[in-house]
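Data first, discussion second: the structure below is written as structure tokens.
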Amino acid sequence: MTIYVLNGPNLNRLGKREPEIYGHTTLAEVEAWSRDAAGAEPVEFRQTNAEHQLIDWIHEAIDAGAKGIVINPAGLTFTSVSVMDALKMFPGPVIELHISNIHRREAIYHRSLVSPVATAVVAGLGPAGYRHAVRALCEMVAA
Ligand code: DHK
7 MTIYVLNGPN
17 LNRLGKREPE
27 IYGHTTLAEV
37 EAWSRDAAGA
47 EPVEFRQTNA
57 EHQLIDWIHE
67 AIDAGAKGIV
77 INPAGLTFTS
87 VSVMDALKMF
97 PGPVIELHIS
107 NIHRREAIYH
117 RSLVSPVATA
127 VVAGLGPAGY
137 RHAVRALCEM
147 VAA
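Its first residue numbered 7, the sequence shown is counted upward by one per residue in my numbering.
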């Protein structure tokens, strides 16, 4: 069984996008870190700028019997009831991840629609947060 690491809009620009906030690490590097952190657990690591695609991948994780989801919904965190509704259907653990500490940023970033349906939230650890979130998820599903 697999874990899904899903990334929302603009994260394809990681490394170039506001490096003072998100750092210089690229999404490809984050993917490598995530796979390393998962060890023997297979990882589906994906990024999209399209809300419908993120929702379709959550449905895919449900139908595939995935063990867990780490998701950085990016800007959709604060706007997408549809992403929240899709995550509600997932029976396994969901870890919401943000590279930045969204609670120390502009007010628009303070109210996550995902947190109420997430098992845990990681925010502010920088790109390294992916390693910690994936490791935590693997421990949850191994238990
Ligand atoms: C990433 C984004 O793209 C923003 O829209 C979020 C999140 C923060 C992050 O910190 O990973 O607000």
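Beta carbons are placed, not taken as given, at the ideal position from N, Cα and C, and that holds for glycine. The structure presented is a predicted model; accordingly, all values stated were derived computationally and were not measured.
Three-state secondary structure (DSSP) of residue i
i: F51; result: strand
i: N18; result: helix
i: L143; result: helix
i: L12; result: strand
i: G132; result: helix
i: G81; result: helix
i: A126; result: strand
Contact set for residue i: own chain, Cβ-Cβ below 7 Å, skip 5 residues either direction
i: I114; result: F84
i: L17; result: L33, Q53, N78 and A80
i: P15; result: N55, A80, G81 and L82
i: E24; result: none
i: P99; result: G74, T125, L143, M146 and V147
Residue closest to residue i, alpha-carbon to alpha-carbon, out of the options
i: A134; options: A124, L119 and A34; result: A34
i: I108; options: L131, L93 and A46; result: L131
i: I9; options: E24, A44, E26 and P25; result: A44
i: D69; options: R110, S86, V36 and P97; result: P97
8 Å CB neighbourhood of residue i in its chain, flanking five on each side removed
i: D42; result: R137
i: A142; result: I101, A126 and V128
i: S40; result: V11, V49, F51, V76, Y136, R137 and V140
i: R117; result: F84
Beta-carbon separation (whole angstroms), residue i vs residue j, contact threshold 8 Å
i: G71; j: M7; result: 6 Å
i: I27; j: S106; result: 5 Å
Own chain partners of residue i with C-beta closer than 6 Å, once the 5 adjacent residues on each side are dropped
i: K94; result: V123
Below-8 Å beta-carbon distance, residue i vs any chain C residue
i: R19; result: The question asks about chain C, but that chain is absent: this structure has only one protein chain.
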